[in-house]
Amino acid sequence: MFSKNIRTIYLYLVCLITLFLVVGGIISAIYSTANLIFPTTYYSNYYNELKYDDKYLSLTGAEALQYEQQFKELYEKQHEQDILREKNRNIKDIVYSLAFVVVALPIYAYNWKKIEQEKTLEKNAESVGE
Numbered sequence: 102m103f104s105k106n107i108r109t110i111y112l113y114l115v116c117l118i119t120l121f122l123v124v125g126g127i128i129s130a131i132y133s134t135a136n137l138i139f140p141t142t143y144y145s146n147y148y149n150e151l152k153y154d155d156k157y158l159s160l161t162g163a164e165a166l167q168y169e170q171q172f173k174e175l176y177e178k179q180h181e182q183d184i185l186r187e188k189n190r191n192i193k194d195i196v197y198s199l200a201f202v203v204v205a206l207p208i209y210a211y212n213w214k215k216i217e218q219e220k221t222l223e224k225n226a227e228s229v230g231e
């Protein structure tokens, strides 16, 4: 009788933990999907960084315009790379979150099925005992 209670407690605890993992994985997947749809990459205007560049401040005329154009192209390229990096990270986060669901859900289902089977066996044993 005592070992049966421990087994039942164990099964319920495993179900509770795996249920938390499933819910956490779903919440995390939703959050990562939202970040993928609405990216949070913040960047300042390249002019803000350019005005503190010592090399730019020492140039005049056409040299300054050429340097400014090169700086702008480099800045935009880096910004595009940042967006791509964030997108890739969000996709990895979604896969990671769904992995929790995929792994924990079958464990939960298996243990819950065992609990239901034990309840049925107990009811049958009580019916026969009467």
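So for the sequence shown, my numbering puts the first residue at 102; every next one is plus one. Glycine residues also receive a C-beta, built at the ideal position from the N, C-alpha and C atoms.
- Nearest-angstrom Cα distance between A163 and K173? 15 Å
- Query: CB K136 to CB N189, shorter than 9 Å?
  - Reply: For clarity, residue 136 is Asn in the given sequence; the question names Lys instead. Going by C-beta atoms, N136 is not nearer than 9 Å to N189.
- Would the region 203-223 and the region 110-121 be scored as touching if the rule is three or more Cβ pairs under 8 Å? yes
- Message: Among the candidates T161, Y197, L166, T109, whose CA atom is the shortest distance from the CA of G126?
- Response: Y197
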